[in-house]
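Respectively, the protein sequence lines represent chains A and B. So the first sequence is numbered by numbering that gives the first Met the number 0: it starts at 0 and just counts up by one. So the second sequence is numbered by numbering that gives the first Met the number 0: it starts at 0 and just counts up by one.
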Amino acid sequence: MTPFAFDRAGDLPAALRAGGAPGARFLAGGTNLVDLMKYGVEAPRRLVDLGPLDGLRRVEETPDGGLRIGALVTNADCAAHPLVMERAPLLASAILHGATPQLRNMATTGGNLLQRTRCYYFYDTATACNKRAPGTGCPAREGVNRIHAILGHSEHCIATHPSDMCVALAALEAVVEVEGPGGARRIPMADFHRLPDDAPERDTTLAHGEVITAVAIPPDRFGSHHTYLKLRDRLSYAFALVSVAVGVGMEGTAIREARIALGGVAHKPWRREEAEAAMRGLAPEAAGERAAAILLEGARGFSHNAFKIELARRAIGRAVRQAASGTPQHHANKVIL
Amino acid sequence: MLTERHVGRPRSRVDGPLKVTGRAKYAADYATNGLLHAVVVTAPIAKGRIARMDTARAEAVPGVLRVFTHENRPRTAWFDRSWQDQVGPPGSPFRPLYDDRVHFALQPAALVVAEEFEVARHAAGLVGMECEAETPETDLKRAMTEAYVPPKRRSGIAPPPKPRGDEAKAFAAAPVRLREQYGIATEFHNAMEPHATTVIWKDGELIIHDKTQGAQNSQDWVCSIFGLAKSKVRVVSPFVGGAFGSGLRPGPQLFLAVMAALSLERSVKLVLHRDHHFGLMHRPETFVTVGLGATPEGKLCSVQVEAVAATSRFEDHQEVVVNWPGLLYDVENAAFDYRLAQLDTHTPSDMRAPGAPLGMFAAESALDELAAKIGICPMELRLLNHADEDRNDGKNFTSKELRAAYQVAADRFGWRHRSPEPRSMREGQELIGWGMATGVWEAQTVKMSASILLRADGTAEVRCGTADIGTGTYTILSQIAAEELGLPLPAVNTLLNDSAYPAAQVEGGSWTAASAGTAVQLCARSLKEKLLKAARGITNSPLASATMEEVRFTGGRIVLARDPSHAVTLAACFRELGEEKIEVEETATPGLLSKMRYSSYAHAAVFAEVRVDEELGQVRVTRVVNAVAAGRILNPKTARSQILGGVVFGIGQALHEEGIPDHALGRWMNHNMAEYHLPVNADVPAVEVIFVEERDALTSPIGVKGLGEIGIVGTAAAIANAIHHATGKRLRGLPMTLDKVLPR
Numbered sequence: 000m001t002p003f004a005f006d007r008a009g010d011l012p013a014a015l016r017a018g019g020a021p022g023a024r025f026l027a028g029g030t031n032l033v034d035l036m037k038y039g040v041e042a043p044r045r046l047v048d049l050g051p052l053d054g055l056r057r058v059e060e061t062p063d064g065g066l067r068i069g070a071l072v073t074n075a076d077c078a079a080h081p082l083v084m085e086r087a088p089l090l091a092s093a094i095l096h097g098a099t100p101q102l103r104n105m106a107t108t109g110g111n112l113l114q115r116t117r118c119y120y121f122y123d124t125a126t127a128c129n130k131r132a133p134g135t136g137c138p139a140r141e142g143v144n145r146i147h148a149i150l151g152h153s154e155h156c157i158a159t160h161p162s163d164m165c166v167a168l169a170a171l172e173a174v175v176e177v178e179g180p181g182g183a184r185r186i187p188m189a190d191f192h193r194l195p196d197d198a199p200e201r202d203t204t205l206a207h208g209e210v211i212t213a214v215a216i217p218p219d220r221f222g223s224h225h226t227y228l229k230l231r232d233r234l235s236y237a238f239a240l241v242s243v244a245v246g247v248g249m250e251g252t253a254i255r256e257a258r259i260a261l262g263g264v265a266h267k268p269w270r271r272e273e274a275e276a277a278m279r280g281l282a283p284e285a286a287g288e289r290a291a292a293i294l295l296e297g298a299r300g301f302s303h304n305a306f307k308i309e310l311a312r313r314a315i316g317r318a319v320r321q322a323a324s325g326t327p328q329h330h331a332n333k334v335i336l
Numbered sequence: 000m001l002t003e004r005h006v007g008r009p010r011s012r013v014d015g016p017l018k019v020t021g022r023a024k025y026a027a028d029y030a031t032n033g034l035l036h037a038v039v040v041t042a043p044i045a046k047g048r049i050a051r052m053d054t055a056r057a058e059a060v061p062g063v064l065r066v067f068t069h070e071n072r073p074r075t076a077w078f079d080r081s082w083q084d085q086v087g088p089p090g091s092p093f094r095p096l097y098d099d100r101v102h103f104a105l106q107p108a109a110l111v112v113a114e115e116f117e118v119a120r121h122a123a124g125l126v127g128m129e130c131e132a133e134t135p136e137t138d139l140k141r142a143m144t145e146a147y148v149p150p151k152r153r154s155g156i157a158p159p160p161k162p163r164g165d166e167a168k169a170f171a172a173a174p175v176r177l178r179e180q181y182g183i184a185t186e187f188h189n190a191m192e193p194h195a196t197t198v199i200w201k202d203g204e205l206i207i208h209d210k211t212q213g214a215q216n217s218q219d220w221v222c223s224i225f226g227l228a229k230s231k232v233r234v235v236s237p238f239v240g241g242a243f244g245s246g247l248r249p250g251p252q253l254f255l256a257v258m259a260a261l262s263l264e265r266s267v268k269l270v271l272h273r274d275h276h277f278g279l280m281h282r283p284e285t286f287v288t289v290g291l292g293a294t295p296e297g298k299l300c301s302v303q304v305e306a307v308a309a310t311s312r313f314e315d316h317q318e319v320v321v322n323w324p325g326l327l328y329d330v331e332n333a334a335f336d337y338r339l340a341q342l343d344t345h346t347p348s349d350m351r352a353p354g355a356p357l358g359m360f361a362a363e364s365a366l367d368e369l370a371a372k373i374g375i376c377p378m379e380l381r382l383l384n385h386a387d388e389d390r391n392d393g394k395n396f397t398s399k400e401l402r403a404a405y406q407v408a409a410d411r412f413g414w415r416h417r418s419p420e421p422r423s424m425r426e427g428q429e430l431i432g433w434g435m436a437t438g439v440w441e442a443q444t445v446k447m448s449a450s451i452l453l454r455a456d457g458t459a460e461v462r463c464g465t466a467d468i469g470t471g472t473y474t475i476l477s478q479i480a481a482e483e484l485g486l487p488l489p490a491v492n493t494l495l496n497d498s499a500y501p502a503a504q505v506e507g508g509s510w511t512a513a514s515a516g517t518a519v520q521l522c523a524r525s526l527k528e529k530l531l532k533a534a535r536g537i538t539n540s541p542l543a544s545a546t547m548e549e550v551r552f553t554g555g556r557i558v559l560a561r562d563p564s565h566a567v568t569l570a571a572c573f574r575e576l577g578e579e580k581i582e583v584e585e586t587a588t589p590g591l592l593s594k595m596r597y598s599s600y601a602h603a604a605v606f607a608e609v610r611v612d613e614e615l616g617q618v619r620v621t622r623v624v625n626a627v628a629a630g631r632i633l634n635p636k637t638a639r640s641q642i643l644g645g646v647v648f649g650i651g652q653a654l655h656e657e658g659i660p661d662h663a664l665g666r667w668m669n670h671n672m673a674e675y676h677l678p679v680n681a682d683v684p685a686v687e688v689i690f691v692e693e694r695d696a697l698t699s700p701i702g703v704k705g706l707g708e709i710g711i712v713g714t715a716a717a718i719a720n721a722i723h724h725a726t727g728k729r730l731r732g733l734p735m736t737l738d739k740v741l742p743r
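In structure tokens form, the structure reads like this:
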């Protein structure tokens, strides 16, 4: 672990000033960044602790009936907040499918958006990794890749984004609110995380010095017709092999509209508007099949993870059925509905 | 008042309050003024040599005292012999910082010592190494082609039994035949407490707090390597936060911390990083091939078991893998073969029931396959072939209540309601599977000494050099002493794992309860003789002519059994002796005669229920019943915990635990607890533990067989068999992860 300077930001402008310095990083819950610093994967010269910014710790209603979740709201508080449980139960469910109570007590909304991959090679500084050390190569392609991407990967990187929360945010079409040296901007979830392409060291489109202030969630359109279905290597406290966040609006037994995103399969939550459009007017079974076909178009596995393609196809079908029947998968129920 | 009974009663751990209040000190919890902190730097390659070591940047960090490498380490012992310990296998033990060779991934290559931990850790990141890498081999499938019979047997490990009958001929002639290969992935111990050593240096004398299953083993090793007199080195490790075998052999952290302390003449603490453990200790990947020949009715005609297990290039680690089915089942023709194949890894370590869950996963899966093939109940198949004597060794068993274990476990599980066809039981979208398997582990005893110091005030101290690694040894030894001496349990204080205590072998092999327990009982009986003699000597003693058979020790008194009004207090005995305290030391030695004539094993019948999502392959273990026949149960509460822990280990082995190697790099890639999956609460169902009544006067004088390992053996096989029953899919490789279960 490399020595670093430590600032506690008194207010947002002060945080932005301190965070703009070269080599500075913002610190929220620290559940990922501090681990990475201990592993020598990250070595920021300066940490700017956002802890004192109480203004970022609020969940509020927006005038249109949506929600704004402050960047420092912990995952635990977010999932237990009455407004979130009522207006964005899919988000609460996805959060509760991830990590442990201890981690969720520390991890924040903003930090979770910036969670880094769990690729083995990224974490192990004795190995090459284009994401950690650009230009060194990607040993996962030929090596151990059971947990890696089947979609959107590049020759430079096949890592996945590990968050559960973000998969729900993608399906909910959330917007990430950001403040930076150049002012405020709003980044739709679809544009927030990036595919690795030839710059896998960049997980997101956030610029240096920009800080996430909140996540805005549009008004709820799905009621109980949503689900977060997560498949993993043990029944709790493991990252997703494949996960599906889906919300549907029903008209009789047919799907009127749908939003669907996959986790564990790509460098970002995987969403295709064409898949959602194709589900319209179909019965759940058929809608699931269509969605899977489009979402998994071009999916390609490596030596250990090809099973994810079939697993994802089935998980999509199952999740769509759960959502259509208004029976979301509860995180504590280990029987898959 | 009758004697207060302790043995056989459920008692909470006597060390429980210390542990839950944080007062129990573990190896890394000790501190002293001026304590230095050491951090290990590992080699970045798996095989090759370190061409250049750059320590200048690390040494320049203020607060760093020294960076030890192979280039500047102090001189230590050179001969293999000096590096051997009580339990190590044949070969040339790994010597940290010995030379420029890299033998395995995550090998310690430098040690940074600094005034503060954070400084040491930072400087460790600045140590540079240029390496010349060679191509490592970590793929057992490839290395197997050069497997060999270990030329030198590992002491204490039973070799494969001699063949009997004509297995090949009987197999060829058998009406029903089956021959399959099973594989078990590399596993890691991952005890909660990391391996750590704190060396308190004072004028050249060392007090060492080491995470070890045997303080005396650590002491001997340190003295041998550093050429120190035993009087200068004391190892004190009263509490161990789980070890599962990883603390049997003295580890690199012990060598490195002592080296630094002696060299710098300061106290030093070294805690291994969790990742480092993955490089230094593991259960070896093993392939086991089982051939069974049987009659159409299910009587076994032949058994063949062949195993190839991984070891390092420098030591022949050996386990008992292939012996078990030839022992458990009555079969005329049997052949066994156990080979090793060398990989570029550290030498494997014993891990909970070393060998047994590997061989038994294979054998008990094969029996399940045979039962399915023939169309008989898997339990019936086992009863039909039950061995009443040990045909591997031609001996009788001291006791074997396995039949009763099958019966009681089957009854509690509701086995008779099982529908025999695979995929025939379901609820909703889940297929339900019921499977069973047998567990077995050798009941061993080893030489152990103990002492009891009894004071006139009716309090006692029990001392023994062996360890309690969380198993309950403190509690059962206190129970035995209290019961024998007629004292309340809190009056007895048991002290363990100190090299200054009476000599004892390492804690392991499930032998501690029987061995240390017997030594404590001998001490108590010897004390009782002295006390009764004193009581008889008192003027006008009410016990003047009483013999040991006629008296009881109870409530701090010696009373005549037939007339409790005749009694002498222990205090009076001490007055008569003119002492404030008396101390005795006794040694329990294995009964060699009994060992020559009899075989002794603990047995278990494990029944498991799984529910498998038919579409998605998610497996849930929803019930486990484990009935154990292991002689006398000293404390049903701590005993149950041992079996529960074993079953949880078995669930992990069955479904989760797996070192995932990158063969090109020769490196475990999931060397941390986020990516190496252990079962969590959600994976562990209600587990019912039943102890079957089993009287055994031959294994140990206290009737005990030991429980540390038996709980895991058979569990993975029962789960695999249940998954087959649920899905119709036979999985022959552990762990049975979702991708393997997922239907095509």
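In this text, a Cβ means the ideal position worked out from N, Cα and C, and glycines have one as well.
Collapsed DSSP secondary structure at residue i in the structure displayed
| i | result |
| --- | --- |
| I451(B) | strand |
| A14(A) | helix |
| W667(B) | strand |
| G248(A) | strand |
| V754(B) | Outside the modelled stretch of chain B, which goes from 0 to 743, sits residue 754(B), for which no answer is possible. |
| T1(A) | coil |
| A660(B) | Looking at the sequence provided, one finds Pro at residue 660(B) rather than Ala. The answer is strand: DSSP assigns P660(B) an E or B state. |
| N492(B) | strand |
| A355(B) | helix |
| E186(B) | strand |
Proximal residues of chain A, C-beta to C-beta of residue i below 9 Å
| i | result |
| --- | --- |
| D336(B) | Within chain A, no residue comes near D336(B); the closest Cβ sits about 31 Å away, beyond 9 Å. |
| L741(B) | F306, E309, L310, R313 |
| P43(B) | T124, A125, T126 |
Environment of residue i [buried if 16+ CB atoms lie within 10 Å]
| i | result |
| --- | --- |
| H416(B) | exposed |
| Q652(B) | buried |
| H207(A) | exposed |
| W510(B) | buried |
| D202(B) | exposed |
Residues that residue i contacts on chain B, provided the C-beta gap is smaller than 8 Å
| i | result |
| --- | --- |
| T1(A) | H121, G124 |
| E338(A) | Nothing about residue 338(A) can be reported from this structure: the residues present for chain A run from 0 to 336 only. |
Closer than 7 Å at the beta carbon, the chain A residues around residue i
| i | result |
| --- | --- |
| D612(B) | I335 |
| Q652(B) | By Cβ distance, chain A contributes nothing, its closest Cβ being about 13 Å from Q652(B), past 7 Å. |
Neighbouring residues, chain B, relative to residue i (Cβ below 7 Å)
| i | result |
| --- | --- |
| D232(A) | H655, H676, T736, L737 |
8 Å Cβ cutoff, residue i in contact with chain E
| i | result |
| --- | --- |
| S92(A) | In the structure shown, chain E cannot be found, because the protein chains are A and B. |
Between the segment 587-605 of chain B and the segment 433-442 of chain B, do at least 3 Cβ pairs fall closer than 8 Å? With a cut-off of 8 Å, the segment 433-442 of chain B and the segment 587-605 of chain B count as touching, because enough Cβ pairs lie within range.
Are the segment 22-33 of chain B and the segment 86-95 of chain B touching, with three or more C-beta to C-beta distances below 8 Å? no
Touch check for the segment 406-421 of chain B and the segment 539-549 of chain B: three-plus C-beta pairs under 8 Å? Cβ pair count under 8 Å is below three, so no.
Would the segment 383-402 of chain B count as touching the segment 589-598 of chain B if we require 3 or more Cβ pairs under 8 Å? yes
If you measure beta-carbon to beta-carbon, which residues of the segment 669-684 of chain B are closer than 9 Å to chain A? N669, H670, N671, A673, E674, H676, L677, P678, V679, N680, A681, D682
With three or more C-beta pairs closer than 8 Å as the rule, is the segment 320-336 of chain B touching the segment 295-305 of chain B? yes
Anything in the segment 313-333 of chain A with a Cβ closer than 7 Å to a Cβ of chain B? List those residues in chain order, please. R313, A314, R317, K333
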